[in-house]
Each structure stands twice: as structure tokens, then as C-alpha cells.
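Here is the structure we will look at.
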Amino acid sequence: MGLTKTQVLQKLGKLPNSVQEADLILKDVIHSVCSGELSLHEVVEGLSSSLTHTSPAERSAGTRLLADLLHSLPSSSLNTAQITFLVSFFVDRLKDHHSVIPNVFYACLALVKQEVIDGEDVRKLIQGIFREVQCQSHIMSDRRNIYTFFKYCILNKHQDLEALGTDFILGLVTAVDGERDPRNLVLVFSLVPVIVQSIPTGPFTEDLFEVVAAYFPIDFVPPVNDPYGISQEDLVLGLRRALASTPLFAPYCLPLLQEKLDSDINSAKLDALHTLVSCCEIYSGEDIRPHVIPLWHSIRREVVDGIGEGMEQAALSALTAVVTTLNKGPISPAVLQATQSLVQMSLNECVPHLTTPEQRLVFPSARLLLALVVAAQGPATTVSAAVVPLLAEQSRTKKEETAQRNTIIILGKFLGAAAAFPDLLTGGLGQHEEVWWTALSLALSQPVPQVKEAAVVALTAALPALSHHRLSAAATTLTSALLDSQRQEKLKSCIVSCLAALGRLHPSAIVDHVLPHLLVEMERDVCDNDQWVKEVQVLDTLAVLTLAHSQVSQVLPLLWDRTKASLAKKPGEIERAIHYLSCVRKILVNTLEEPECREYIVNEWCGIKQTMALAVSAIWECQDTAKLPSVMAELSAICRLLLATVSEPHGLVESLVSVAIGGSVVQSSGVLSEVLATHPKASTLLFTGLIGNEDSPRAQYMVYMAEGVLMGARSLPESAAGILSQLRKVVWGPELEEKSEGAREGKQEVRRVAAILHASVINKLPKGVSLTRSLEETWSDVMRELEVGVSKGKRRWALTIATWTCKALILRGAEEWKQWCARMQELLNDALIGMEAAHNFGTIVKDHDYALTSHTHANIRLLHKQRFFESVVGPLVELFSTTNDIKTKSCALVAIASLLPWLPHIVLNAHIQKLLPVLLQGLNTSDFSKIGEASINMERNDARCGSETRLSTLTTLASLLMQNASPAERHTSTLISFLMPLTTYHPLTVRVKALECLAALVTLPVSVILPYRNEVVRGLRSALDDRKRVVRQAATHTRSLWILVGAPGGF
């Protein structure tokens, strides 16, 4: 039950010293005022003993409670009379003791937010603050309240401020003058754009400018662990917006920027250039005109001197901005004269350097002129008329390679820049088109590869300036050059990029002048190696250029026919078929998003039917079983892409499952029915292939098509669960004898694909009875195959299924993953497959190329890797620390190391103290010899797991130490003793990462690392003579850091 009115007034008459008790009283007062039991006048009268007390502390407490009350009331709760009464009261309080005044500021901020406050009351508050308050004598938070009060008045009460006139500007300038706190400066800078847009500044424009310009350029460096998050960029951008907020600042701002551009401080120059660009967006040509020539000289100096790419780019952007400003809006004769003077001066100073293209200043001079060209049409016309004919003629007369290359590159850039103005294409550039096209054509025919590359780069830039018939000629020329550039990869890449750009401008040129030549070249049946290299080159080009419907409809059927023909020929042709299919896949990736192309591929060309039919043919006809998995993998990838375009894939999925399980199709129509009608053997292949029938070994390759359909589908029906048992039979089916190593590897790959597909189906099945039953059956089958008495081969494949099933469940966030994960942890104690189980922990968190990803529409829950790691890291570390068996310890270490490279550092940082002892053990060379021996006894192919685990450990450790080395402080001695031997006589990556770890340790306190300085400096001498340059560089850097440890000015 709340307090009565009398009780509240009694409490107000005697305020407590405790802040908590004052807050309780405030709650009671707010309740009473909002309910109407107390009026505001009664509250003030109740506080009279505090507000009139002789003690400043008592008056401050009363004023604070009243201010807090005003902030707590709704903005519509006070009437005009109450507001006027309070305004008069608080304005008078501004004359009070300095400890009382901050609470008055806070109250003023609450009053000005009242909806019915009168303009006269607003002006009284502002005038009172201007008259009675020395703003800079107050602490930061109080000044911030003042600035916030001003900002609110400017944004919401600017009409009431007009009566104050320029007195408000003068008062504000006086208030903010001398502000130094970065938090307040951000607020002050944000005030200026609002002021100049709302209130006339009158004679105080320069004063307002100077009060903020005094901070230019910003040299603030935030302290370490700054709790307020004010960055230098916040201040720089805020000040830049203030300086560029109004053209009225131009007479004062431009001389300031000129002064900074002429200084010796690079950071000031860079800031001045960026600010000049911002100012040009607001200022007019008349504002810029008096400063054009000085700015040109300063900008030219920065470009020519070449201090850095950032400085040069900023200077060129500033020059473009200046010229753009001179050419926008109504142009007066004076501004026109200034523009013409600037352009003529730039031509006089830069063109002579263009005539000496072999010298250093040719490119800076060209970039300066290009900055003028892109700025406006007028300068572009003048500069192009002077430069383009000169460069075109020079490209023919200069014989030296460097001069030719530089000239042609610059010519292309000028043509591309000038082409942005359509009038130039029909005017100046059009008149000289024959001249500069001839220059480009001659350069393309040069025998020197470097010149030809430069010509292609120039042509790419100049494409927008070419007419349609010139683009067609360019397409023909480029195609010839492409077919002649067999061994010149860089030139070939440039030509393909140029053709792709040309195709975007003029698609018919590709269809009419490029594709016919490429297709004719591909039709040649010459079997020599050069022709095969050229054919691969043609396929790569087709994959890039085939983008439009007209191109797809011409290229795709031809590639498909060539694939069919290659599969039917002798085994040596299978490699060609793989390349054809790869080209088709790349074309689909580039074109399926385009509606017209998608309509043709899916419906007219019947892509899904074509793919499934070709898969059946490949399985029956392909003579090279070693290459067949590669063919089927490409077909599966194509099928996944096509299925992703089908909005309702359930019909096809159900038909596939019915055939796989029962050997017949339930539906009488659909893609699969059509395939079975034309290829009767397909039903037998699919049925026998997914039950692991050893009488039909080739049929197992149909698992690739099942993968293409089931992974490509956006969702799966419950009936898809029926195929899971069939897939498990494929995975641990009988081991068949194969004649070749390639064929055996192909069979192993089929099993892996089946295991991954099994996991993908589990991941995408909808929740329900079907999923639960499937998981129970999978658990039962896998656990049975993992029993100790089962053959090692079946146990390994059962482990593969368990790993991928666990991954699928983790991704979808199903609770069942925990029992699968627990079983994998138990397998780390297994003498035969423990090491493989350890490596498989990495498989769970590592992203696959396509399986269980968003590209194959997997069911993925956020932060799944983090949840898995949080669950397993504790038990794995405990197993590593407690077990005495070297094999189990090795498996635990490998399991942890397998996880580390695939996890975000923020997750690892949370466990760094727990992981560091394990990571250190992972660096111990002597321990790794034992791990290697254990691995050899388990599996011959795992013998190198020691070095792999060490590299994984080093990579993670280096990343963590670079971010924060402090957790390693207690382990410094051990770390250095383990890292130093790794800097020599180990694989390259291990040596480099060990050096990076040592470099990161120098950030530890000097008292901790100083005792080891001499040991490290001496030990790194041998690394300085390493045979690999990258190691020598890392060693030099690391040793230099350690030499500086404890030195004056060092670490």
C-alpha cells in the first residue's frame, strides 16, 4: 500500500543522505503526482526546507530530487503555468552554489522536453545559461548535459530561437570554446551542421567555424581499454561533417586546408584531402574558384611525389571533386575562366611527361589528367582532344617495349574514362576513332607478350568507347589471340576477362564472332597434346563467356553431345568427358539465376532428365572404371544445381526411393519415369546399386545420382527415410577385388559418398516418427558393426557413418547427437580405430565442399560448432590428462588438435587456460615420436599424424598468442624450450609458425621474458640461414623483436 499525501510531504521535508533512500522517496512522489494526490506546487513547497537550506549539499539534494521527478514525468504532464513557474525557479537557481548548478542543468533538459513549453520560457532557460554559467568550468558530464540541452533546442525548438538572433550563436560559441573531452567533442561537432541549417549565423560565422576548426586535424589516440568507445575516426568524421556543413565556411575552410596540404605532416595532408572532397559536395564553384591554382599545385605535388597509394588516391579524388564543383550548377564567366586555366595548366605540366613513357612521371601525370577527365564533360573534351591523338600516334612511333606498353595502357584508360560522356563518343572520340582503334589493333598484333597483354588491358578499359562494329572486330581479334596463347597463362586470363566484359556490352558479338571459332576449334579431333591443351583452354573460356540465353542454347547441347561421344569411346577419352562436364557445371552456376536461361535449361533442354539419362549411359558404357567416379561426381554436382531450381522436388524424390527400395516407380509420370522408359536398365541399376549387390558392381555408382537428387532437393519427404538402410548396405558392403589401384579407390569413394549422403538425408528429414525410427535403426546397425569382433574394414566404415551421422545431428540441433558423440569418445580407447576416430572429430567441425552446407539446403542451426566444442573439450582434456596409455593419450591429443583449426578464436580464448597444457604437449617433439610409433602400429597411413597434429597445434597457438599472449605467461619457459627446436629441421610451415609464436611472446611483460632473451637470440641464428626466404624473413623479424626486449624504446 502506497504512502499517504501527508507521509510523502513529511518525507520531502526531511530528505535522507542515502541515495537509495532518496530513490525510494522519488518513487513515492512520482506515484502521488501521477495519481493526482500531489501537485507540483505542493512538491516544491514540501522541498522548501531543502531548497532554501543554508547548506549547499541540502539544496543540491532537493534540486536533484526535483530534477529527477521532472525527468520521470510524461512530457505532457505539466501545463504552461507550471512550466513557467519552474523555469523562473531554475533560472534563479543558476546563481546558486557551484555544487547545485549541475542539477539545474539536468532539470533544464527535462523542462525543455515538455510539449507545452512556451518559446519565451525556452529563451529564458537559454539566456540564463549563457548569462550565469561558465561552461568550461564544469565537469565533463555537466557540460554534456548543457550541449544536449542546446542540441534538443536546436532540433526541436529552432523557431523559438530565432528571436535570440545571433546572440544564440555567440553564446554557444562561448560555451563550447576550449572543450577537450572527446565524448563531448563528438556531440559538439554534431551541433554545427544542425545550427547552420536552422539558425542564421550572421557576423559570427567565422567564430563558429574557428571554434571547431581549432581541432583540425584530429590527433586523438584513444587510451587502451577505453570504456567509452570513442575512436579517432568518430572525431575525424564528426569534424569533417562540421567543416563541410555550409558554403558559408568556404572562405575560412579552404585556406585552412591549403595550409595543411603545404605542411610536412602526412596525416594532416591526408585528412585535408578527404575533408576537401567532403567540402566540394557542399561548396559552389564560386567558393572554390579563388583557391583553384594553389590547390592544383598542392595536389600535383602529392601525386608526383608518390608518398603512398592512399595519399595519391586521396589527392586524385580531391582534384576530381574540385573540378566537378567548378562545373556544377550555373557557371559564371569567372568560374569558367578558372576551370579553363586549371585544365590548360595541367596539360602544360603533364603532357610533356606523357611523351616520355619510359620514365617514372608518365603514370602520375596520366592519373592527374584522368582525374580531370572523369570530373566533367568540359575538361574531358579538352583533355581527350589533346591526349588521345598524341598517345595513338606515339604507340606507333615508339619502338622500345616499355614505352609501347605504358603508352597503350594509358591510352586505354583515357578512352575508358572519356566514354562515360555519350557526347564525346559522337564528338571528339568518334572523330579520332580510326586513329586510336588502329593503335590498339597494332598493339594486339605485337609479338612481344608484355605489349600484347598491355593492349588487352587497354582494350578492356576502352570497350565502352567502341562502336558496335568495332566491338565485333575486337571480338574476332581477341579470339584469334586467345587461340594462339596456349602457354601464356597471364595473357590468356587477360583476354578471357576482356571478352567477358565485351559480352556484357555487346552479347551478340560473342555469339557471332567468338563462339563459332571456339566451337570449331573444339570440334577438331587431333589427338596431340597441344590440341588437348587448346581444347581445355577453349572450355575454360566457354565457361566464362556463356552467360546469355542465346549463348547457352548454342553451347550447352554441343558440350553434352561431346560428353556422350567421349564416354562411348576408348578409355583415354574419359578425361575429355570430365572436362566437358566441368564446363557445363560452371555454365550452370553462372546462368541458372537468370530467368530466361533457367527456363531453357530446366524446361526446354530438360536438364534433369538429360543428366540422369547420361548417368545411366556412363555407368553401362564407360570402360575406364578408375575415372568413372570423377564422371559421376560431376554429374551429381550438375544434378544438385538443377534440383535446386525445382520448387516441389518431392515427386522425384519419392520415385527415386521407390525404385531404390522396390525396383519400380510408384508414379507413372515424371522425370524418373521418362528416364526409365528410355533406359530400362536404369531401374535395375538403381535397385541393385543401392542394396550393395556384388553381382552388379557397377550399379553402386548410381549412388552418385541419388546424391544429386537428395542433396539438391530443398526439402525431403518422410518417405526418403526408406533409402537409409540401402545406403548403409552400400557403405559396408563386401570388399570386391579390383584389378587396378584406381578402381579400388573408386569403390572406396562410392562408400564415402554413400556415408555422406546417409548423413545428408538424416539432416534434411522432417521431424517426426520416421526420423526417430530411422535414427534408432541406424544406431542399432552402426553399433553392431562397431563391435570388437567385427572385421577392421567394416568397423572403419561404421565409424565413418557414425561420424557423419553425428555431424548431421549437430547441424540440425537434434539432442540425439550427444549419444553418438559419447560413443566416438569411447572409441578413442580402441587400439585399432582409435586414431581414426580422433581424426574424425575434425571432420565434424570442418566444412565439407558441398555436403551439409547451405548450398545443398542442409538444416543448419546457428553456433553448432561452438556447442559441440563446449561439450567435448572438457572430456577430451580430462582423458588426455588422466590416461596412462600412450595410445589413448595420443588419440585424445589428435582429437583436440583436429578441432582447433576450424573453430572461431573467440571460442578458443574462453578455454585457453584449459587448452594450453595440451597444446604444449602437442609441441613436444619427443612425445610425438611416441605418437608416431603408436600410429604406425594402428594404421600405416596415419604415421604422419604427429607432424599434422603439431602443425595444427602451432597454427592455433600462433593465432591465440597474437591476440592475447598473457595466458601463456606461466608457461613461458616450457613454450620457449619446445618452440626453439621447431624453428629448424622441420617442415616449412612448422618452422614459420614456430617463429610466429616466438614473435608473439615478446608482448609479455619484460620481467617475464627478459631472462630468455639471449637464449632465443642465439638460438635463432641458424634460422637466419634457412634455405627458404619466407623462413629467413620470419626469423629476422622475430629475432629483431627479441633483441629489443628490455632495450630503451623497445618492449
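Read left to right, the sequence shown gives residues 767 to 1817 (our numbering).
Every residue gets a Cβ at the ideal spot worked out from N, C-alpha and C, and that includes glycine.
I'd like the list of long-range same chain contacts for residue i, defined as Cβ closer than 7 angstroms, with 5 residues on each side in sequence excluded.
i, result
"Pro822", "His863, Ser865 and Val866"
"Thr1691", "Note that Thr1691 has pLDDT 46, beneath the 50 cutoff, so the model's placement of it is unreliable and the number below is only indicative. Result list for Thr1691: Pro1747, in chain order."
"Gln1376", "Trp1326"
"Ala1486", "Val1419, Val1423, Leu1476, Val1527 and Leu1531"
I'd like to know whether the C-beta atoms of residue i and residue j end up nearer to each other than 7 angstroms.
i, j, result
"Ala1567", "Ala1521", "Checking the sequence, you will find Ile at residue 1567 rather than Ala. Yes, the pair counts as a contact, with Cβ atoms nearer than the cut-off."
"Val1639", "His1677", "yes"
"Val1666", "Ala1658", "Correcting the residue type first, residue 1666 is Leu in the shown sequence and not Val. Against a cut-off of 7 angstroms, the Cβ pair of Ala1658 and Leu1666 comes out as no contact."
"Glu945", "Leu953", "no"
"Ala1221", "Ile1174", "yes"
"Cys1405", "Gly1478", "yes"
"Cys1264", "Leu1244", "yes"
"Leu1720", "Lys1680", "no"
"Ser1664", "Phe1607", "yes"
"Val1214", "Glu1167", "yes"
"Ala1309", "Ile1353", "yes"
"Val1811", "Arg1784", "no"
"Cys1045", "Ala1100", "no"
"His1623", "Leu1682", "no"
"Thr1091", "Gly1144", "no"
"Leu1177", "Ala1231", "no"
Is the shortest distance between the beta-carbon of residue i and the beta-carbons of chain D less than 7 angstroms?
i, result
"Arg859", "The structure shown contains no chain D; it holds only a single protein chain."
In three-state DSSP terms, what is residue i?
i, result
"Phe982", "coil"
"Asn1172", "helix"
"Tyr994", "coil"
"Val870", "helix"
"Arg1126", "coil"
"Asp926", "helix"
"Val857", "helix"
"Glu1543", "helix"
"Lys879", "coil"
"Gln1254", "coil"
"Leu806", "helix"
"Asn1780", "helix"
So, for residue i: in the same chain, excluding its five sequence neighbours on each side, which residues have a beta-carbon less than 8 angstroms away from its beta-carbon?
i, result
"Ala1801", "Thr1749, Leu1761, Leu1786, Ala1789, Leu1790 and Asp1792"
"Ala1700", "Note that Ala1700 scores 43 on pLDDT, short of 50, meaning its location in the model is unreliable; the coordinates nonetheless yield the value given after this. Same-chain partners within the cutoff: Met1601, Ile1652, Lys1653 and Ser1656."
"Asn1675", "Leu1726, Gln1729 and Asn1730"
In angstroms, rounded to a whole number, what distance separates the CA positions of residue i and residue j?
i, j, result
"Ser997", "Val987", "8 angstroms"
"Arg1270", "Ala1314", "9 angstroms"
"Asn1032", "Ile1073", "9 angstroms"
"Leu1442", "Glu1360", "30 angstroms"
"Leu1023", "Gln963", "23 angstroms"
"Ala1765", "Trp1808", "8 angstroms"
"Arg1055", "Glu1047", "14 angstroms"
"Ile905", "Tyr918", "20 angstroms"
"Leu1408", "Ala1267", "27 angstroms"
"Ala1034", "Gly1076", "13 angstroms"
"Ile984", "Ser1150", "40 angstroms"
"Val1797", "Thr1804", "10 angstroms"
Looking only at its chain, what residues have a beta carbon closer than 6 angstroms to the beta carbon of residue i, apart from the 5 residues adjacent to it on each side?
i, result
"Glu1705", "Note that Glu1705 scores a pLDDT of 44, beneath 50, so its modelled location is shaky and nothing firm can be said."
"Cys1116", "Ser1131, Leu1134 and Leu1135"
"Leu806", "Gln848"
"Gly828", "Leu813, Ser816 and Leu817"
"Ala876", "Leu836 and His837"
"Asp1000", "Val952"
Kindly indicate the opening and closing residues of the alpha helix (DSSP H) around residue i.
i, result
"Lys1840", "The structure shown does not extend to residue 1840, since the chain spans only 767 to 1817, so no value can be given for it."
"Ser1211", "No alpha helix (DSSP H) holds Ser1211; DSSP gives it neither H nor E."
"His1063", "Val1058 to Asp1071"
"Trp1386", "Gly1373 to Glu1387"
"Gln737", "Residue 737 lies beyond the range of the chain shown here (767 to 1817); nothing can be said about it."
"Asp1028", "Note, Asp1028: premise wrong, no alpha helix (DSSP H); not H, not E."
"Cys1349", "Ile1340 to Thr1357"
"Arg1328", "His1315 to Ala1334"
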